[in-house]
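J.: The following block contains the structure, expressed as structure tokens.
In our numbering, the protein residues as written are 11 to 328.
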């Protein structure tokens with residue numbers, strides 16, 4: 011049975027059903043709406059097990075100070091933890107909206123019906139995740155397989171063929187650990203003779219291009235895992251995440267304390283020099299990427315076959 015979706019309107023009980031209120035306006039537009047008093051228990055919104063909230067509208071009106079407390083109470087209900095939320099205030103109170111209150115967007119009262127519904131749908135889209143044969147959405151990242159296109163917060167992000175394939179695969183395996191060996195086999199193919207450094211270099215490039223929108227963490231000795239989106243990366247800050255991605259995203263990763271692979275710690279100098287050469291050769295294709303990875307492996311003293319060379323031998327070969 012399909013789950014029934016509804017829009018939750020939360021506010022002062024006697025005002026919830028007023029003619030110009032959000033509940034009445036959205037019902038007139040054909041939406042399924044359920045109301046809840048500010049002081050009622052959030053589970054009362056769910057009259058059956060098949061219900062699902064599309065979005066939350068908290069009508070704070072002239073009391074924006076109550077909105078944050080109301081949202082915290084709503085978030086304690088597991089079925090509302092990841093639902094997008096909007097706060098509705100009067101024009102006179104707009105300056106009192108705190109950016110840290112946790113809302114995805116705001117609305118001004120009196121409502122413009124078309125704007126109200128459009129903002130509800132926008133918040134629903136930002137918070138949604140889905141996967142079809144043609145498109146995959148994870149947080150603010152949208153992968154269009156048919157068009158071979160990736161966007162973050164609606165902004166196009168250019169990727170090479172291997173970067174696109176790597177991103178698609180880790181998104182498909184969302185929440186699961188993928189080893190470097192698995193990624194080499196799935197993305198580069200069983201005939202590829204390069205080593206794990208190839209994966210590390212491409213992952214680092216994806217992080218630089220997608221920034222905070224890509225919650226890909228390194229698990230030492232295991233591989234990588236794509237986690238839930240960074241708070242805000244799928245909300246109104248999704249555009250900020252996209253701009254961060256365009257700036258490179260490296261600073262955002264450092265602020266998040268992204269764990270690094272052991273090889274990365276031991277080979278900072280080699281990687282930095284490889285990056286400079288690789289950035290210049292991005293347009294030349296993925297073959298150049300793989301050659302850069304091979305150079306990194308040789309410099310780290312590890313060949314594709316796993317044999318190591320001494321420091322003296324490396325100096326001679328150089």
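C-beta atoms are modelled at their ideal positions from N, C-alpha and C, and glycine is treated no differently.
#1: Can you look up residue 209 in the DSSP assignment and give me helix, strand or coil?
#2: List the endpoints of the continuous beta strand (DSSP E) containing residue 186.
#3: Looking only at its chain, what residues have a beta carbon closer than 7 Å to the beta carbon of residue 180, apart from the 5 residues adjacent to it on each side?
#4: Starting from the C-beta of residue 24, find all residues in its chain whose C-beta is less than 8 Å away, skip the five residues before and the five after it, and write them out in chain order.
#5: Going by the DSSP bridge assignment, what does residue 148 pair with across the sheet?
#6: Quick check on the DSSP output: the beta strand (DSSP E) that includes residue 227 runs from which residue to which?
#7: Taking the alpha-carbon positions, what's the residue 60 to residue 14 distance?
#8: Taking the straight line between their C-alpha atoms, what separation do you get for residue 123 and residue 143?
#9: If we call anything under 8 Å between Cβ atoms a contact, is residue 66 one with residue 93?
#10: I'd like the span of the alpha helix (DSSP H) that includes residue 59, first residue to last.
#11: To the nearest whole angstrom, what separates the beta carbons of residue 17 and residue 42, a pair I think is in contact under 8 Å?
#12: Give the range of the beta strand (DSSP E) segment to which residue 236 is assigned.
#13: Cα separation between residue 133 and residue 96?
#14: Are the CB atoms of residue 48 and residue 55 within a distance shorter than 8 Å?
#15: I'd like to check one pair, residue 152 with residue 175: are the Cβ atoms closer than 8 Å?
#16: In angstroms with no decimal places, state the Cα-to-Cα distance between residue 159 and residue 140.
#17: Quick one: what's residue 80 bridged to in DSSP?
#18: Reducing DSSP to helix, strand and coil, say where residue 113 ends up.
#19: Got a sec? Which residues, its chain only, sit under 8 Å from residue 114 by beta carbon, not counting five neighbours each side?
T.: The structure says:
#1: By 1-based counting over the chain shown, the position of residue 209 is 199. Residue 209: helix per DSSP, three-state reduction.
#2: Taking the first residue of the chain shown as 1, we reach residue 186 at position 176. Note, residue 186: premise wrong, no beta strand (DSSP E); not H, not E.
#3: Stepping through the chain shown from its first residue, residue 180 is reached at position 170. The answer, listed in chain order, is 188, 226, 234, 236.
#4: Stepping through the chain shown from its first residue, residue 24 is reached at position 14. Nothing meets the Cβ criterion.
#5: As a first step, residue 148 is located in the chain shown; it is residue number 138 there, counting from the start. Note: residue 148 sits in a beta bridge opposite 151.
#6: Start at 1 with the first residue of the chain shown, and residue 227 comes out as number 217. Unbroken beta strand (DSSP E) run through residue 227: 226-229.
#7: Position 50 of the chain shown, counting from 1, holds the residue named residue 60. Position 4 of the chain shown, counting from 1, holds the residue named residue 14. Rounded to whole angstroms, residue 60 to residue 14 spans 6 Å at the Cα level.
#8: Counted from its first residue, the chain shown places residue 123 at position 113. Counted from its first residue, the chain shown places residue 143 at position 133. One C-alpha to the other measures close to 34 Å.
#9: Numbered from 1 along the chain shown, position 56 holds the residue referred to as residue 66. Numbered from 1 along the chain shown, position 83 holds the residue referred to as residue 93. In this structure, residue 93 lies closer than 8 Å to residue 66 by Cβ.
#10: Mapped onto the chain shown, residue 59 falls at position 49. Residue 59 -> no alpha helix (DSSP H), and no H or E assigned at all.
#11: Sequence index remark: in the chain shown, residue 17 carries index 7 (1-based). Sequence index remark: in the chain shown, residue 42 carries index 32 (1-based). About 7 Å; that satisfies the 8 Å criterion.
#12: In the chain shown, counting from the first residue as 1, residue 236 sits at position 226. 233-236 is the extent of the beta strand (DSSP E) around residue 236.
#13: Your numbering for residue 133 matches position 123 in the chain shown. Your numbering for residue 96 matches position 86 in the chain shown. C-alpha separation (whole angstroms): 8 Å.
#14: Position 45 of the chain shown holds residue 55. Position 38 of the chain shown holds residue 48. In this structure, residue 48 does not lie closer than 8 Å to residue 55 by Cβ.
#15: Along the chain shown, one-based indexing puts residue 175 at 165. Along the chain shown, one-based indexing puts residue 152 at 142. Taking 8 Å as the Cβ cut-off, residue 175 and residue 152 do not qualify as a contacting pair.
#16: As a first step, residue 159 is located in the chain shown; it is residue number 149 there, counting from the start. As a first step, residue 140 is located in the chain shown; it is residue number 130 there, counting from the start. Using only the alpha carbons, I get a separation of about 16 Å.
#17: Within the chain shown, the letter at position 70 stands for residue 80. Its beta-bridge partners do not exist; DSSP assigns none.
#18: As a first step, residue 113 is located in the chain shown; it is residue number 103 there, counting from the start. Here residue 113 sits in coil by DSSP.
#19: By 1-based counting over the chain shown, the position of residue 114 is 104. 94, 95, 96, 133, 136, 137, 245, 246.
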